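Read through the structure below, which is laid out as structure tokens, and then see the notes.
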């Protein structure tokens, strides 16, 4: 009995030791992860970097290349290189790729530093090496912008290089001042990859004469602008082809619809759509109930899309398309307000992940500052307000661009 008791005591002590070791190991891992997140938050503070970028461009007499808002009480200078010619402006025909041209659908692998990716992941950022559209380095023509497909990690690496240069307003800035001196210079330059992104301002008619816009606060799991307000959705554009199959929708329309489903309804399988077992055709993502409903709104003419401008976000080197997604059905707006739950990309402080605020009200204007909202979202909202304002050129769909602006006749 004495030997048995000793054996039992040994077993108990062994189990307790294992559990104690596991507990201590988990505590140490949690503390390390917490320190990594704090270091990442300090180094990538979007407000500080935006202030530095503006100071750098002012000091080098390049402020006239940047975007200034027109619908805020005081014009806001944004760290975005604007396309002064508004060559991307126009209504978007659902089936057309304009204002883009996918010339190289085969993915190109640009080099990147693995240490950059691992540092982001240790800081809690959700990353996988998806596929993004990028500018091929050709000048913008009447047919649009020539694009190809590249690896997402290369974009993350470029953003980290830019972040390093904007960490202080002084010092050498070979990347910022050597590449981003103007929109056309950056688009047709040698820097790779200049990826294509979009900020979609989703405006909803409520049926009582008011309009609302969808906003989110970016979570700490995204690569850029963590904790900042943004329109929903914001995204990098992916190809609309899968193998030999092409979506019935053009590049911008396909991505806007996909991202609305992902960011509003948290349809997780869309996050890595091309990797899903049933992904034999790119349009499989619209088979869900929300997907079918969204496509119905588009087909019925109750959702129309317009590119309202383009700029280069010098905080990460991406080309930003400002897109207006105008929902004219009050019934759909009401349904969306009840069912939109947001996704992992949106933060929550006990409230909804997706907020709906008055489109023309002072609450939205107060948020449109570089200390509160992402620059690309301010740009997209400002252009959408100009488009839908009673003092603008027209009030909505039907007839296309009044000046015949934009590639493909504005379509």
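In the numbering used here, the protein residues as written are 4 to 414.
Note that CB positions come from ideal geometry on N, CA and C, so glycine has one too.
From a predicted model like this one, the values you see are computed outputs, not experimental measurements.
Status (buried if at least 16 other CB within 10 Å, exposed otherwise) for residue 87: By 1-based counting over the chain shown, the position of residue 87 is 84. Per the 10 Å Cβ criterion, exposed.
Within 9 Å, strictly: CB atoms of residue 349 and residue 222: Here residue 349 refers to the residue found at position 346 when the chain shown is read from its first residue. Here residue 222 refers to the residue found at position 219 when the chain shown is read from its first residue. A contact, by the Cβ cut-off of 9 Å.
Whole-Å CB distance - residue 137 paired with residue 195, under 8 Å assumed: One-based indexing of the chain shown puts residue 137 at position 134. One-based indexing of the chain shown puts residue 195 at position 192. Indeed, because the Cβ distance is near 7 Å, the residues count as touching under 8 Å.
Selection from 316, 212, 84, 119 that minimises the alpha carbon distance to residue 160: In the chain shown, counting from the first residue as 1, residue 160 sits at position 157. Taking only the C-alpha atoms, the option nearest residue 160 is 119.
For residue 207, the nearest candidate out of 327, 70, 55, 347 (CA to CA): Position 204 of the chain shown, counted from the start, is the residue given in the question as residue 207. Ranked by how close their Cα comes to the Cα of residue 207, the residues 327, 70, 55, 347 have 327 in first place.
Reduced DSSP category for residue 391 - H, G, I as helix; E, B as strand; rest coil: On the chain shown, position 388 is the one that residue 391 refers to. Looking at residue 391 - three-state DSSP - the assignment turns out to be helix.
Between the CA atoms of residue 82 and residue 139 - distance to the nearest angstrom: Here residue 139 corresponds to residue number 136 of the chain shown, with the count starting at 1. Here residue 82 corresponds to residue number 79 of the chain shown, with the count starting at 1. Straight-line Cα distance between these residues: approximately 23 Å.
Same chain, Cβ closer than 6 Å to residue 257, five either side skipped, listed in chain order: Taking the chain shown and counting its residues from 1, one reaches residue 257 at position 254. Closer than 6 Å at the Cβ level, and outside the excluded window around residue 257, lie 243, 250.
Nearest-angstrom Cα separation, counted from residue 383 out to residue 396: The sequence position of residue 396 within the chain shown is 393, counting from 1. The sequence position of residue 383 within the chain shown is 380, counting from 1. Since pLDDT at residue 396 reaches only 37, below the 50 mark, its modelled position is unreliable, and no value is offered.
Coil, strand or helix - residue 137 by DSSP: Here residue 137 refers to the residue found at position 134 when the chain shown is read from its first residue. Here residue 137 carries a strand assignment [DSSP, helix/strand/coil].
Residue ranges of each beta strand (DSSP E) within the stretch 227-260, 3 or longer: Restricted to the stretch 227-260, the beta strand (DSSP E) segments that are unbroken, complete and at least 3 residues in length are 232-234, 237-239, listed in chain order.
Neighbourhood of residue 294 by C-beta distance below 7 Å, restricted to the same chain and skipping five residues each side: In the chain shown, residue 294 corresponds to position 291, counting from 1. Here the set comprises 264, 288.
Per-residue DSSP class, three states only, for residue 329: Mapped onto the chain shown, residue 329 falls at position 326. If DSSP states are grouped into helix, strand and coil, residue 329 belongs with the strands.
Simplified DSSP assignment, three categories, for residue 181: Here residue 181 refers to the residue found at position 178 when the chain shown is read from its first residue. Helix.
Segments assigned alpha helix (DSSP H), at least 4 residues, entirely inside the stretch 90-155: Residue ranges of uninterrupted alpha helix (DSSP H) with 4 or more members, entirely inside the stretch 90-155 and ordered along the chain, are 117-125.
Rounded C-alpha distance that separates residue 62 from residue 71: As a first step, residue 62 must be located in the chain shown, where it is residue number 59. As a first step, residue 71 must be located in the chain shown, where it is residue number 68. In this structure, the straight-line span from the alpha carbon of residue 62 to that of residue 71 is close to 17 Å.
DSSP-derived helix/strand/coil call for residue 347: Locating residue 347 in the chain shown gives position 344, counting from the first residue. Coil, per DSSP.
Best match in 134, 254, 322, 360 for proximity to residue 113 [C-alpha to C-alpha]: Along the chain shown, read from residue 1 onward, the residue named residue 113 stands at position 110. The candidate whose alpha carbon is nearest that of residue 113 is 134.
Residue burial classification, residue 309 (beta-carbon count within 10 angstroms, cutoff 16): Position 306 of the chain shown, counted from the first residue, corresponds to residue 309. Flag for residue 309 reads buried.
Residues near residue 80 in its chain [Cβ-Cβ closer than 7 Å; skip 5 each side]: Working through the chain shown from its first residue, we reach residue 80 at position 77. In the same chain as residue 80, and ignoring 5 residues on each side of it, the C-beta atoms closer than 7 Å to its own belong to 57, 66, 69, 71, in chain order.
Residue 359: first and last residue of the uninterrupted beta strand (DSSP E) it sits in: As a first step, residue 359 must be located in the chain shown, where it is residue number 356. If you look at residue 359, you'll find it in the beta strand (DSSP E) that goes 358-361.
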